[in-house]
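Engineer:
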Amino acid sequence: MMDDQQEAKAIKELFQRMDAAWGKHEEMSVYRSCFTEDADYVTFQGQRLKGRQEIADVHEKLFKGILKDSRMTTAEQELKLLTPEVAIVHRVGAIRMRWQKKTPKSRLSINTNVVVKRDGEWKVAAFQNGRITGPGIMEKLFGN
1 MMDDQQEAKA IKELFQRMDA AWGKHEEMSV YRSCFTEDAD YVTFQGQRLK GRQEIADVHE
61 KLFKGILKDS RMTTAEQELK LLTPEVAIVH RVGAIRMRWQ KKTPKSRLSI NTNVVVKRDG
121 EWKVAAFQNG RITGPGIMEK LFGN
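In full-length UniProt numbering, the protein residues as written are 1 to 144.
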């Protein structure tokens, strides 16, 4: 049995594999393998993808098209183990397109991931992404 530090390391390695495969349609099998068979994935536009196959199909089209050779960059990551087999991971990052020299800060998103350990491997079971924006009217009026 691994301790919390070892589990956290294994989860970070999961996201490193996912980030390394991002934007490369030839690495789809690696990207696809990061998700559970029944994973849920909500894009920042609100599109819900159901299951590993649909997640892979949509991303493969993107990786062959507009997101070809783009890079996923992660600015920060916060991990919280809830049980020995379930964790929540919040990540802040952005996509750097192939023609961009650096990642645009105006395109930062935050995603929430539920990761589960199945058969000794950590996988993403649920993912939801949202664009980070400036303070809205309520925050401006009333503060945090």
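We put the beta carbon where it would ideally sit given N, CA and C, even for glycine.
Computed from a predicted model, the values in this text were never measured in an experiment.
1) Helix or strand or just coil, what does DSSP make of K24?
2) So does the region 81–92 actually touch the region 36–51, counting three or more Cβ pairs closer than 8 Å?
3) Closer than 6 Å by C-beta to A21: which residues in its own chain qualify, once you throw out the five before and the five after it? Chain order, please.
4) Would you mind sorting G23 into buried or exposed? The rule is 16 or more other CB atoms within 10 Å of its CB.
5) Would you call I66 buried or exposed, if buried means 16 or more other Cβ atoms sit within 10 Å of its Cβ?
6) With a cut-off of 8 Å, do at least 3 Cβ pairs link the region 8–15 to the region 76–83?
7) Between T73 and A94, which are expected to be in contact by the criterion C-beta below 8 Å, what is the C-beta distance as a whole number of angstroms?
8) Could you tell me whether the Cβ atoms of E37 and R17 are closer together than 8 Å?
9) For I55, count the other beta carbons within 10 Å of its own beta carbon; 16 or more makes it buried, fewer makes it exposed. Which is it?
10) Determine the direct distance from the alpha carbon of S109 to that of residue 198, and round the result to whole angstroms.
11) For R118, count neighbouring Cβ atoms within 10 angstroms of its own Cβ and tell me buried if that reaches 16, exposed if not.
12) Where does F15 land, buried or exposed, given buried means 16+ other C-beta within 10 angstroms?
13) On a Cα-Cα basis, can you pick out the residue from R91, V124, F142, L62 that is closest to K50?
14) Grouping DSSP H, G and I as helix and E and B as strand, with all else coil, what is I55?
Structural biologist: According to the structure shown:
1) As a working note, residue 24 is residue 24 in the sequence shown. Here K24 sits in coil by DSSP.
2) no
3) Within the sequence shown, residue 21 is the residue found at index 21, counting from 1. Cβ neighbours of A21 beyond the five flanking positions: E27, V30, Y31.
4) Position 23 of the sequence shown, counted from the start, is the residue given in the question as residue 23. So G23 ends up on the buried side.
5) One-based indexing of the sequence shown puts residue 66 at position 66. Its Cβ having fewer than 16 others within 10 Å, I66 is exposed.
6) yes
7) On the sequence shown, position 73 is the one that residue 73 refers to. On the sequence shown, position 94 is the one that residue 94 refers to. At roughly 6 Å, the Cβ-Cβ gap stays under 8 Å, so T73 and A94 are in contact.
8) On the sequence shown, residue 37 is found 37 positions in, with the first residue counted as 1. On the sequence shown, residue 17 is found 17 positions in, with the first residue counted as 1. No, these two residues do not count as a Cβ contact at 8 Å.
9) Looking up residue 55 in the sequence shown gives position 55. Buried, by the Cβ-count rule.
10) No information on residue 198 is available, as it lies outside the stretch 1 to 144 that the chain covers here.
11) By one-based count along the sequence shown, residue 118 stands at place 118. Exposed, by the Cβ-count rule.
12) As a working note, residue 15 is residue 15 in the sequence shown. Buried, because 16 or more other Cβ atoms sit within 10 Å of the Cβ of F15.
13) Sequence index remark: in the sequence shown, residue 50 carries index 50 (1-based). Comparing Cα positions, the closest option is V124.
14) Within the sequence shown, residue 55 is the residue found at index 55, counting from 1. It is helical.
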